[in-house]
Amino acid sequence: MLKTRQDSWTKEEDTLLAEIVLKHIREGGTQLQAFEEVGKQLERTSAACGFRWNANVRKLYRTEIDHAKKLRKMDSSSDVSHQNNHSRSNQNGKTLVEFDSLIDHLWALYESKNTKDNSEQDLHSIEELRDQINVLKDKNAKILEKKNKLEKEYNALKEILESAHQILKFK
0 MLKTRQDSWT
10 KEEDTLLAEI
20 VLKHIREGGT
30 QLQAFEEVGK
40 QLERTSAACG
50 FRWNANVRKL
60 YRTEIDHAKK
70 LRKMDSSSDV
80 SHQNNHSRSN
90 QNGKTLVEFD
100 SLIDHLWALY
110 ESKNTKDNSE
120 QDLHSIEELR
130 DQINVLKDKN
140 AKILEKKNKL
150 EKEYNALKEI
160 LESAHQILKF
170 K
């Protein structure tokens, strides 16, 4: 019997995580800030939220993430005068946003490498399975051969017994 973890993530928690992260992306906030906000609401650590986001949820919301990033870029390009008056804290925020983009890029590289590794493992598994199929085909052919031989012997023995029965019947 499979046990489910008491602290496993529900669909609603995944949805809340996605909504808040997407909101932060749209508004120019950082994922870290989003993870902290979700962590407070769900009584989890921001690290747990970040891990869940990067390991599972982010993959399900790729198009929404791209859309949120486009909205953020459109908003930031419309505020050119505001961009010229960056304070030190805004530059730190920009650095964090760039850091988030770097994290996204690194995760994408990691996933593509895993996909490549998985493909190589899959090819190796396929080759092993083909070898097993060939061995089983050979065994099956031998068993069928043996079965046919036994059927012939059985039919011959059956004919002999029927002949003997006929002979005994007439005596």
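If you're matching positions, the sequence shown starts at 0 in numbering that gives the first Met the number 0 and goes up one per residue. Ideal placement from N, C-alpha and C gives every residue a C-beta, glycine not left out.
- Residue range 45 to 51 is occupied by the alpha helix (DSSP H) that includes arginine 51.
- With respect to aspartate 130, threonine 29 sits apart: the two C-beta atoms are not nearer than 7 Å.
- With contact defined as three or more Cβ pairs closer than 8 Å, the region 118 to 134 and the region 34 to 53 are not in contact.
- Counted as a single uninterrupted DSSP element, the alpha helix (DSSP H) harbouring valine 37 occupies residues 30 to 41.
- For lysine 170, there is no enclosing alpha helix (DSSP H), since its DSSP letter is neither H nor E.
- Per the coordinates, the alpha-carbon of glutamate 35 lies some 13 Å from the alpha-carbon of alanine 17.
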